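Colleague: Anchor point for the sequence shown: position 198 equals 198 in our numbering, and the numbering is continuous, going up by one each time. Even glycine gets a Cβ: it sits at the ideal position worked out from N, Cα and C. Being a predicted model, the structure only gives us computed values, none of them experimental.
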Amino acid sequence: MKKILFPLAAVALVASLSIPTLADTIRLKDGSVIRGQVVGFKDQQFTVLIGTGSKGRRSRTMIYVEDVESIEFDSTGTSTASIDSTDNTPSEPPAPVRTSDNPVNTSRGNSTPTPTTSSPNFFQIKVSVRADDRNNGWTNSGLVVRKGQRIRISASGRISLGNSRFATPAGISTIPDNDKLMRTEATGALIGVIGDDNDDFILVGTRRDFVAQRDGVLFLGVNEGNLKDNTGTFDVVVEAEASGPR
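1) Are N230 and L161 close, meaning C-beta to C-beta below 8 Å?
2) Where in the stretch 169–202 do unbroken runs of the beta strand (DSSP E), each at least 3 residues long, occur, reported from the N-terminal end onward?
3) Can you tell me whether DSSP reads E224 as helix, strand or coil?
4) When you compare each of I71, T47 and L203 to T61 by their alpha carbons, which one comes out closest?
5) Counting Cβ pairs closer than 8 Å, one from the stretch 205–212 and one from the stretch 129–140, do we hit at least three?
6) From which residue to which residue does the beta strand (DSSP E) around R207 run?
7) If you count every other CB in all the chains shown that lies within 10 Å of the CB of E241, and 16 or more means buried, which is it?
8) Determine, using beta carbons only, whether S141 and D235 come nearer to each other than 8 Å.
9) Around the Cβ of P176, are there at least 16 other Cβ atoms within 10 angstroms (buried) or fewer (exposed)?
10) Report yes if the C-beta distance between V204 and I153 is below 8 Å; otherwise report no.
11) In or out: S70 buried (at least 16 other Cβ within 10 Å) or exposed?
12) Put V65 into one of helix, strand or coil per three-state DSSP.
13) Taking the Cβ atom as the reference point for each residue, do V145 and I151 lie within a distance shorter than 8 Å?
14) How many Å lie between G137 and G188 at the Cα?
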């Protein structure tokens, strides 16, 4: 595994001298957590600003994307940049139960996000969304969004809904299904939800551009009641708005 390009001890020293500032949280696969400000992504590396010096300058460090577990964009504006190699925050948040009556209190795995280059103010994450009932029918995107953050999602591919029925992310409007989460939307369509305690489902389809109405983990799934005989995945690209340099 490649390491952060600047020694952790040096970054930690800068962080200890910082003042409260807006901070994104970058969780690494080795358990380390970095809090700073993500300002760029290029050549498979994130650029992160950390700390505030006596003259207002901030240290800049690079992190390889293959080392990143997830990124959480700050929503409070009061965090202090730091590095914590013993952080015990779970990397796999709980997920909503797949029922429209009580979408809470279960656990699920997460996919491995693969950020790539996007437009200047957005990060792009590629996610394979499973169509079956594994992990309660939801795929964890690995992205924690903040309220007011702009999210763009596009999807492609084809899944099997069983019984020789196939669907694209737009779904099939002619298949009746009284048990699907979004009953007025097409069966088999790509849907999403923010948070593990939320039933405000979002129809994504082949493309959706929206502003997050709350903080939370972004989960993606298929709008169908019975997922047991489903196979295949949708190829999904999530573009998340990132704050610019300050």
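Modeller: Let me lay it out:
1) yes
2) 190–194
3) coil
4) T47
5) no
6) R207 to V211
7) buried
8) no
9) exposed
10) yes
11) buried
12) helix
13) yes
14) 12 Å
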